[in-house]
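Numbering (the numbering used here), first residue to last: 1 to 135.
Glycine residues also receive a C-beta, built at the ideal position from the N, C-alpha and C atoms.
Just so we're clear, the structure is a prediction, and the values are computed from it rather than from any experiment.
One structure below.
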């Protein structure tokens, strides 16, 4: 693991490109609607039960890490974009985008409009991503 001496964020590799501009969860959620704040609370509450999880914030979003990032939430005013890593391609609703990052790391994106959209299937995908990064 490498820790940036400027901002204190940790990365798996020394060459990890990033912005040293950091913000707090509260600052990122300040302009979000109540539904987005509830979505975030529901995701965070569940993800923290997975085991050891680090949370880093940048001007883009909030990142949940288990060695590497396995989940990112990007709050908007009325919705939240959620990106999560899986070891396999999953091409089903509500996934709107996929990006292969390596042989066993595929980023999946969903857009969440309401707390009820954070269902068991989505939470299981988050857990699968977390488990796939365990050393």
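Going by C-alpha distance, which of 129, 79, 118, 94 is nearest residue 107? The residue given as residue 107 occupies position 107 in the chain shown. Among 129, 79, 118, 94, the Cα nearest to that of residue 107 belongs to 129.
Compute the Euclidean distance between the alpha carbons of residue 102 and residue 88, then round it to the nearest angstrom. Translated into the one-based positions of the chain shown, residue 102 becomes position 102. Translated into the one-based positions of the chain shown, residue 88 becomes position 88. Using only the alpha carbons, I get a separation of about 10 angstroms.
Is the distance from the Cβ of residue 81 to the Cβ of residue 111 below 7 angstroms? Here the question's residue 81 lines up with position 81 in the chain shown. Here the question's residue 111 lines up with position 111 in the chain shown. Against a cut-off of 7 angstroms, the Cβ pair of residue 111 and residue 81 comes out as a contact.
Could you check the C-alpha separation between residue 125 and residue 32 for me, to the nearest Å? Here residue 125 corresponds to residue number 125 of the chain shown, with the count starting at 1. Here residue 32 corresponds to residue number 32 of the chain shown, with the count starting at 1. Between residue 125 and residue 32, the C-alpha separation is close to 24 angstroms.
Excluding five sequence neighbours on each side, which residues of the same chain lie with their C-beta closer than 6 angstroms to the C-beta of residue 46? Your numbering for residue 46 matches position 46 in the chain shown. Closer than 6 angstroms at the Cβ level, and outside the excluded window around residue 46, lie 123.
Thinking just about the alpha-carbon of each residue, which of 97, 91, 21 is nearest to the one in residue 58? The residue you call residue 58 lines up with position 58 of the chain shown. For residue 58, the nearest C-alpha among the options comes from 21.
Tell me, please, which residues DSSP counts as bridged to residue 101. Your numbering for residue 101 matches position 101 in the chain shown. In DSSP, residue 101 forms no bridge with anything.
According to DSSP, is residue 94 part of a helix, a strand, or is it coil? Against the chain shown, residue 94 aligns to sequence position 94. Three-state result, residue 94: coil.
Count the other C-beta atoms from every protein chain shown that fall within 10 angstroms of the C-beta of residue 55, then say buried if there are 16 or more, exposed otherwise. What you label residue 55 is simply residue 55 of the chain shown in a count that begins at 1. Residue 55 is exposed by the Cβ-count criterion.
Thinking C-beta only, is residue 64 closer than 7 angstroms to residue 85? One-based indexing of the chain shown puts residue 85 at position 85. One-based indexing of the chain shown puts residue 64 at position 64. Not closer than 7 angstroms, so no.
Within 10 angstroms of its Cβ, does residue 62 collect 16 or more other Cβ (buried), or is it exposed? The residue you call residue 62 lines up with position 62 of the chain shown. Label assigned to residue 62: buried.
Just list the residues that DSSP pairs residue 25 with in beta bridges. As a working mapping, residue 25 is identified with position 25 in the chain shown. Paired residue(s): none; residue 25 is not in a bridge.
For a test of the three-state rule: what should DSSP assign to residue 52, helix, strand or coil? Start at 1 with the first residue of the chain shown, and residue 52 comes out as number 52. Coil, per DSSP.
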